[in-house]
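Undergrad: Structure incoming, see below.
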Amino acid sequence: MDEEDKISDSENQTKPEKMFTLKRWNSVAMWSWDCSTDTCAICRVQVMDACLRCQAESKKDATNKDVTCVVCWGECNHSFHHCCISLWVKQSNRCPLCQQEWSIQRLSS
Amino acid sequence: MSLRPQKIEFDVVWGCLRQTVDKVLKLNRVERDDWNSSFTDVYTICVAFPEPLADRLYAETKLFLENHVKVQLEEFNCYRTENNDGENGQMMLHKYYSAWKNYSQGLEYLNYLYQYLNQQHIKKQKVSEAEILYGNGTTPLAISQEQMEIGELGLDIWRLFMIQNLGDILVKQILQGIERDRLENNLTSKDIETIHGVINSFVSVQDYKKKGSLHLYETLFEEKLLEASGSYFMSQASKLLQSCSVSQYMQEVIRVLDEENVRAHKFVHMNSVKKLKKECEDRMISDHKAFLYSECKEMVSNDKRDDLRNLYILLKPLQDGLKELIQILLEQIKNEGAESIMNLKGENVHIQFVENMLQVHQKYENLISETFKNDPLFLSALDKACASVINSKLSDGKTTCRSAELVAKYCDNLLKKSKSTESEIESKLSKSITIFKYIEDKDVYQKFYSRMLAKRLIHDQSINMELEEVMINKLKQACGYEFTNKLHRMYTDIGISVDLNNKFNQHLKNLNDELNINLSIKVLQAGAWPLGPQTNISFAVPQEFEQPIRKFESFYNSSFSGRKLTWLHHLCAGELKVSLAKKSYLITMQTYQMAMLLLFENCDSMSCKEVREMLQLSHDNFQKHLQSLIDSKILNLDTEKIEDASIISVNLEFSNKRTKFKITASLQKESPQQEVEQTITQVDEDRKLYLQAAIVRIMKSRKVLKHNALIQEILSQSKVCFAPSIPMIKKCIESLIDKQYIERTANSSDEYSYVA
Ligand SMILES: [Zn+2]
Ligand SMILES: [Zn+2]
Ligand SMILES: [Zn+2]
Chain S
1 MDEEDKISDS ENQTKPEKMF TLKRWNSVAM WSWDCSTDTC AICRVQVMDA CLRCQAESKK
61 DATNKDVTCV VCWGECNHSF HHCCISLWVK QSNRCPLCQQ EWSIQRLSS
Chain Y
1 MSLRPQKIEF DVVWGCLRQT VDKVLKLNRV ERDDWNSSFT DVYTICVAFP EPLADRLYAE
61 TKLFLENHVK VQLEEFNCYR TENNDGENGQ MMLHKYYSAW KNYSQGLEYL NYLYQYLNQQ
121 HIKKQKVSEA EILYGNGTTP LAISQEQMEI GELGLDIWRL FMIQNLGDIL VKQILQGIER
181 DRLENNLTSK DIETIHGVIN SFVSVQDYKK KGSLHLYETL FEEKLLEASG SYFMSQASKL
241 LQSCSVSQYM QEVIRVLDEE NVRAHKFVHM NSVKKLKKEC EDRMISDHKA FLYSECKEMV
301 SNDKRDDLRN LYILLKPLQD GLKELIQILL EQIKNEGAES IMNLKGENVH IQFVENMLQV
361 HQKYENLISE TFKNDPLFLS ALDKACASVI NSKLSDGKTT CRSAELVAKY CDNLLKKSKS
421 TESEIESKLS KSITIFKYIE DKDVYQKFYS RMLAKRLIHD QSINMELEEV MINKLKQACG
481 YEFTNKLHRM YTDIGISVDL NNKFNQHLKN LNDELNINLS IKVLQAGAWP LGPQTNISFA
541 VPQEFEQPIR KFESFYNSSF SGRKLTWLHH LCAGELKVSL AKKSYLITMQ TYQMAMLLLF
601 ENCDSMSCKE VREMLQLSHD NFQKHLQSLI DSKILNLDTE KIEDASIISV NLEFSNKRTK
661 FKITASLQKE SPQQEVEQTI TQVDEDRKLY LQAAIVRIMK SRKVLKHNAL IQEILSQSKV
721 CFAPSIPMIK KCIESLIDKQ YIERTANSSD EYSYVA
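These protein sequences, in sequence, are chains S and Y. Position 7, counted from 1, in the first sequence is what full-length UniProt numbering calls 7; the numbers after and before it change by one each time, with no gaps. Position 674, counted from 1, in the second sequence is what full-length UniProt numbering calls 674; the numbers after and before it change by one each time, with no gaps.
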C-alpha cells in the first residue's frame, strides 16, 4: 500500500493528477471457429464440439481438444466438421447448404 | 519246494495251512518257517496238477472264517436277551470293539497270506469296475455269488454274522453313549475310542465296495443318529426357550453348534457331520425363526452388534434366512438417512446434506464389516438404501431432487474457501464421491459442477489448481472420459491461457511495444464452458480497453487460423486507481464500472442518458452498475431514482479509510432459482447428444441390432450418467435415421443397421 502511495506521489510531481487510471485488467474472451453458423449442418452438433462420429469413438485424449476433428471451410464460406463433409462429398461433391461445387478453402488450427 | 505244478493231497496241505490260518486270526505267534510254508501251500493248491484246487481252498477258507466268527458271536449271546442299560451296555461295546479290532487285524494278515489266490485266481474273474457301474449284463445275483478276495470275504462274513445280529443292539448302545456325552460329558477317552471304533466298523466292513460303501452305515446307524439327535436338539431348544432371552438363546445355540461340531468329528463318519449340523440348525434355528426375529428391529435400531453378529451366524446357513434381516436393515438405513437430511436449513445445507449422509453411510458400512463379514447381500442393501434416500424428492414440496446440486455445491465450497489443509480437502472430496456415486442423474451434478467450476476458474477463486485436477480425475474414474471431457477442457483452457499471456508479453517485447496496464487474458473455448448465450450484451468498449484488445487479437490471429474471439466483458474485472481528495485508492471492480468512471476523467458531470448512450449499455446493466458506484459514494446522483435526466457527478469529497477495496456490483445477478432451472433444461439437450453418440458407437460396433437389444445396450451404457427415458431414446434413434447414420433393415421393421 505504501509503495502505491509513493508511486502516486511521484506521479503527482511530474504531471497533473489523473482522477481515474486503469491499472489492471483481467479480461475474458471466448474463441470459436469463425463460422457463419454454430452448428454443423451435417451432424447437427456444435462445430466447437467434435462431430457425432468422433464423440461416439470418444477419443481418450483428455488433455487436448479432439485434435482429429477439425473444422473445414469451403470456398463458399460454409463450414462443417471435416469428418462430416469428407463423408458427404463421397456421395455428392456439392456443399449441403448452397449446392455449389465443394472445394476446401482452409482447415482450422 | 518247487514252483512246478504238482499233484497234491488237498486235505493234507489244507490241514497244515489251516493251523496257520487259525493262529493268524487269533493273532497268535506264527513262526517264520510256518508262515513261509503256508504261503507256499496257498500257491501249491492254486496250481495243483492235474487240476487247480483254488475253488476248493476258497470254499474251505470261507467255511473256516464263518465258524470262527460264529464262535465270536456266541460270546455275545448274553447281551442279546438281557436289558443292557448303563455299564453293561458299555461293556458290550468294549467287547465288540476289541473283537472287531482283533478280527480285522488278523484278516489283514490273512489276506496277505492268500495273496496268490487273490491275485491270480480271484481278481481275474472279477467283474471290472466299469461293468459294475454300468451294469453291463451282469445281474446283482452274479455279483453276489462271485468269489471275493479273502480280506473282503472275511469282512462280509463279519457283517453277515456279527453286524446283522448285533447291529441294532450296538447302535442303541452307541446312541446312549453319545447322549451321555451330550448330557453329562463324562465319557473316558477309552469310551470315546470305542464308540468311534464301533461306528467305524460299520463303514470299514464295506469299505472295499466301489459303490454304496456307506449304505450299511447310513441305514443301520446314521438314520437313527439323526433321529435321536433331532429330538435331543428339539428338547434342548424348548428348554432354553423357557428361560432365555433372544440374546441368550442365540449364544446358547452357537455354543451347542460348536460342541456338536467337535462331537461329530469325535464320533461319526465325515459324511454325517454336515447332516448333523443341518439337523441342529433345523431344530434349534429354523423351527424358532419367529422367536429369533422377534427383536431383530430393535437390535438394528439400537445397534446391538453382538446380538446382530450372532443372528447373522445363525441365519446365514438357512435358505433365505437373511432375507428378512437384510430388509429390516435396509429400511433402517433408509429411515435414518432420510431423517438425517430432512428439514435442513440455513447457509450450509449442502455441507449438512453430504456430511450427514456420509455419517449414516459410514456407520452402516462399518456395521456390515464388523458384524456381517462384509456380506455382499448386506452391502448391496446399503447401496440400495442410500440410493433411494439420495434420489428421493426432498420433503420441501419441490418436484426436482436437489441432491446433485447439493453435492456439487459441497465440492465447490471445498475448492473455493476451505480453511482445511490440502490433504483434508482431498479426503473430503473423495468422500463426496461416495455420495456422488449414488446420484442417479449424474449429468445434473455435472452441469452444476461445471457452472461452479467455471466461476471458480474465471474469477480466480480456486484455492488450488492441482486439487481441481484431482477432483476432475476422481469424477472421470467414477464415470468415464465423456463425463468429464468438458470439465477437463475448461481446466486446460486456464493453463493454455497462462501460456498465451506469456507469449503475448514476449510478442509485445519483441515489437518494443508496451501496454500501460497489467493485462491478463483468459481465452476460453466455446462449447466447453457453461456460460450461456453471449449475444445481446451490448457495450461500446472505451478506448482504454480497445487498445489491448486490438493488440491481443492481432497476436492471436497470427497464432491460430479460423478462430474468432468474443470478449465477455460482463465477466471481466480490473483495478482502477482512483485519486480523490488528495488520496489514492486501488479499487477492484467490473469492466462496466471502470468504463463509467473513466468517462469522468475529462468532465465533471453528465446525464444518465448521456452515459448510457456513450457506453451503449442495456437499461438493466446500466442501472445495476451505476447504482453500485453511487452506493460506494464515488459518484453522486442529483435525484433519488436513476432517471434519464438525472445528473451524475464525481464525488470530489470521497474518502475511505481503506485504500484498497472492492466494489461488488451484484456480480452476475442471476437468482439461484433461475440458475437451477437453466441448468435442468441444458441437461436435456446434453442427454440427447449423449444418447446419439452412444447409439452411433453401439451400431458402429454391432452393425445390425434389434430394437430391444439396442435399447438395452443404451440403457446399460448410459447407466453411469443418468437413466434415460425410453421415449427420449426412441426420438434419438429416429433423428439418427433422419441423419442417415443408421437405417431400418429391409427385412424387419424392428431392426437397425449402421450406415458406414
Ligand atoms: Zn458435423
Ligand atoms: Zn469428427
Ligand atoms: Zn456452401
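Even for Gly, the Cβ is constructed at its ideal location relative to N, Cα and C. Values in this document were obtained by computation on a predicted structure and should not be read as measured data.
Ends of the beta strand (DSSP E) at residue 518 of chain Y?
TA: 518–525
Undergrad: Is the number of C-beta pairs between the region 247–256 of chain Y and the region 185–194 of chain Y that are closer than 8 Å three or more?
TA: no
Undergrad: In the structure shown, what three-state DSSP assignment does residue 401 of chain Y receive?
TA: coil
Undergrad: Relative to the alpha-carbon of residue 31 of chain S, which residue among Y:419, Y:496 and Y:147 has its alpha-carbon at the smallest distance?
TA: Y:496
Undergrad: Determine whether the beta carbon atoms of residue 75 of chain S and residue 99 of chain S lie at a separation below 8 Å.
TA: no
Undergrad: Taking three-plus beta-carbon pairs below 8 Å as touching, is the region 267–274 of chain Y in contact with the region 215–231 of chain Y?
TA: Three or more Cβ pairs closer than 8 Å define a contact, and the region 267–274 of chain Y meets that threshold against the region 215–231 of chain Y.
Undergrad: Thinking C-alpha only, which one of Y:320, Y:318 and Y:295 is nearest residue 308 of chain Y?
TA: Y:295
Undergrad: By Cβ distance, which residues of its chain are closer than 7 Å to residue 283 of chain Y, with the 5 residues on each side in sequence left out?
TA: Same-chain partners within the cutoff: 230, 233, 234 and 237.
Undergrad: Could you check the C-alpha separation between residue 181 of chain Y and residue 199 of chain Y for me, to the nearest Å?
TA: Taking the straight line from one Cα to the other gives about 15 Å.
Undergrad: Which residues, in order along the region 576–588 of chain Y, keep a beta-carbon less than 8 Å from a beta-carbon of chain S?
TA: 576, 577, 578, 579, 580, 584 and 586
Undergrad: Count the other CB atoms within 10 Å of the CB of residue 61 of chain S; is the residue buried (16 or more) or exposed (fewer)?
TA: Unreliable positioning characterises residue 61 of chain S in this predicted model, as indicated by a pLDDT of 47, which lies under 50. The coordinate reading is nonetheless provided below. It is exposed - the Cβ of residue 61 of chain S has fewer than 16 other Cβ atoms within 10 Å.
Undergrad: Where residue 730 of chain Y and residue 452 of chain Y are concerned, what is the direct C-alpha to C-alpha distance, given to the nearest angstrom?
TA: 33 Å
Undergrad: Check whether the Cβ of residue 45 of chain S lies closer than 7 Å to any heavy atom of ligand 1, and answer yes or no.
TA: yes
Undergrad: Closer than 7 Å, Cβ to Cβ, to anything on chain S: give me those residues from the region 344–364 of chain Y, in chain order.
TA: none
Undergrad: Could you list which residues in chain Y have their beta carbon closer than 9 Å to that of residue 52 of chain S, in chain order?
TA: 689, 692, 693, 696, 736, 739 and 741
Undergrad: On the criterion of 16 or more Cβ atoms from any shown chain inside 10 Å, does residue 208 of chain Y qualify as buried, or is it exposed?
TA: exposed
Undergrad: Could you name the residues whose beta carbon sits closer than 6 Å to any heavy atom belonging to ligand 2, keeping them in chain order?
TA: Here the residues come out as S:50, S:51, S:53, S:54, S:69, S:81 and S:83.
Undergrad: Is any heavy atom in ligand 1 found nearer than 7 Å to the beta carbon of residue 587 of chain Y?
TA: no
Undergrad: For the pair the region 605–615 of chain Y and the region 559–572 of chain Y, tell me if three or more CB-CB distances fall below 8 Å.
TA: no
Undergrad: I'd like to confirm the pairing. Which residues does DSSP put opposite residue 106 of chain S in its beta bridges?
TA: S:73
Undergrad: May I have the straight-line CA-CA distance separating residue 35 of chain Y from residue 255 of chain Y, to the nearest angstrom?
TA: 55 Å
Undergrad: Report yes if the CB atom of residue 314 of chain Y is closer than 8 Å to the CB atom of residue 285 of chain Y, and no otherwise.
TA: yes
Undergrad: Which residues of chain Y have a Cβ atom closer than 9 Å to the Cβ of residue 108 of chain S, listed in chain order?
TA: 560, 561, 562 and 563
Undergrad: When the cut-off is 8 Å and only beta carbons count, does residue 622 of chain Y lie next to chain S?
TA: Not one chain S Cβ lies under 8 Å of residue 622 of chain Y.
Undergrad: Can the beta-carbon of residue 177 of chain Y be found less than 8 Å from the beta-carbon of residue 65 of chain Y?
TA: no
Undergrad: How many Å lie between residue 734 of chain Y and residue 690 of chain Y at the Cα?
TA: Going from the Cα of residue 734 of chain Y to the Cα of residue 690 of chain Y covers about 15 Å.
Undergrad: When the Cα atoms are used, what is the spatial distance from residue 710 of chain Y to residue 719 of chain Y?
TA: Whole-angstrom Cα-Cα distance: 14 Å.
Undergrad: Can you give me the C-alpha to C-alpha distance between residue 746 of chain Y and residue 753 of chain Y, rounded to a whole angstrom?
TA: 10 Å
Undergrad: What span of residues does the beta strand (DSSP E) with residue 30 of chain S cover, start to end?
TA: 20–33
Undergrad: Does the Cβ of residue 513 of chain Y have 16 or more other Cβ atoms within 10 Å, making it buried, or fewer, making it exposed?
TA: exposed
Undergrad: Please find out if some non-hydrogen atom of ligand 1 comes closer than 7 Å to the beta-carbon of residue 42 of chain S.
TA: yes
Undergrad: Report all residues from its chain with a CB closer than 7 Å to the CB of residue 164 of chain Y; omit the five preceding and five following residues, and keep chain order.
TA: Contacts found: none.
Undergrad: Under 9 Å between beta-carbons, which chain C residues line up against residue 530 of chain Y? List them in chain order, please.
TA: The structure shown contains no chain C; its protein chains are S and Y.
Undergrad: If you reduce the DSSP assignment to three classes, tell me which class residue 430 of chain Y lands in.
TA: helix
Undergrad: When the cut-off is 8 Å and only beta carbons count, does residue 757 of chain Y lie next to chain S?
TA: Since the first residue of chain Y shown is 1 and the last is 756, residue 757 of chain Y is not available in this structure.
Undergrad: Taking its Cβ as the centre, do 16 or more other Cβ atoms sit within 10 Å of residue 595 of chain Y, making it buried, or is it exposed?
TA: buried
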